[in-house]
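A.B. asks: Okay, handing you the structure first.
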Amino acid sequence: MIRHIVFFSVRRKEHVETVRSGLLALGKIPHSKHFEVTLNTKVDQFSNAIDVVVYAEFEDEAALAAYKAHPIYADTTTKVKPLRELRYSADVVAAA
């Protein structure tokens, strides 16, 4: 299983909800086993730069690649990218 985790910071705080709701469209892509978009609680004592987190699980690399190739993914990127400051992504293989 692949865990796909993406962290976003938003340029303007008034756009945080717009980014979160825009990213929710990714959940309509059928390739993930689990999908969620959440706001960062910002309780970390060292850094709270991240505003929104996408977490998804995929059966394998092929499912993740199909997810990223889906038209909804490209459309969502086009809408969200101008509103974000930073984007950090990690795709990790879950321990068996």
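Position 62 of the sequence shown, counted from 1, bears residue number 1084 in the working numbering, the numbering being contiguous throughout. No residue lacks a Cβ here, since even glycine has one placed at the ideal position from N, Cα and C.
Around the C-beta of residue 1054, are 16 or more other C-beta atoms found within 10 angstroms, so that it is buried, or is it exposed?
C.D. replies: Here residue 1054 corresponds to residue number 32 of the sequence shown, with the count starting at 1. It counts as buried.
A.B. asks: Using DSSP with H/G/I as helix, E/B as strand and the rest coil, what is residue 1098?
C.D. replies: Numbered from its first residue, the sequence shown carries residue 1098 at position 76. It is helical.
A.B. asks: Around the Cβ of residue 1063, are there at least 16 other Cβ atoms within 10 angstroms (buried) or fewer (exposed)?
C.D. replies: In the sequence shown, residue 1063 corresponds to position 41, counting from 1. Residue 1063 should be labelled exposed.
A.B. asks: Under three-state DSSP, which class holds residue 997?
C.D. replies: Any property of residue 997 remains undetermined from this structure, which presents the chain solely from 1023 to 1118.
A.B. asks: At which residues does the beta strand (DSSP E) containing residue 1046 begin and terminate?
C.D. replies: For this step, residue 1046 is matched to residue 24 along the sequence shown. Segment: none, residue 1046 is in no beta strand (DSSP E) and carries neither H nor E.
A.B. asks: Could you spell out where the alpha helix (DSSP H) holding residue 1079 opens and where it closes?
C.D. replies: Taking the sequence shown and counting its residues from 1, the one referred to as residue 1079 is at position 57. No alpha helix (DSSP H) contains residue 1079, which is instead part of the beta strand (DSSP E) from 1074-1080.
A.B. asks: Run the CB neighbour count on residue 1068, radius 10 Å, all protein chains shown included, and call it buried at 16 or more, exposed below.
C.D. replies: As a working mapping, residue 1068 is identified with position 46 in the sequence shown. Label assigned to residue 1068: exposed.
A.B. asks: Across the segment 1078-1098 and the segment 1031-1040, are there enough close Cβ pairs to call them in contact, namely three or more that are closer than 8 Å?
C.D. replies: Below 8 Å, too few C-beta pairs join the segment 1078-1098 and the segment 1031-1040 to call them touching: fewer than three.
A.B. asks: Start and end of the alpha helix (DSSP H) containing residue 1105?
C.D. replies: The residue you call residue 1105 lines up with position 83 of the sequence shown. No alpha helix (DSSP H) contains residue 1105, which DSSP labels as neither H nor E.
A.B. asks: Who are the near neighbours of residue 1051 in its chain, counting only those whose CB is closer than 6 Å to its CB and skipping five residues on each side?
C.D. replies: To locate residue 1051, count along the sequence shown from 1; it is residue 29. Counting only Cβ-Cβ distances below 6 Å, and skipping sequence neighbours, we find 1089, 1092 and 1094.
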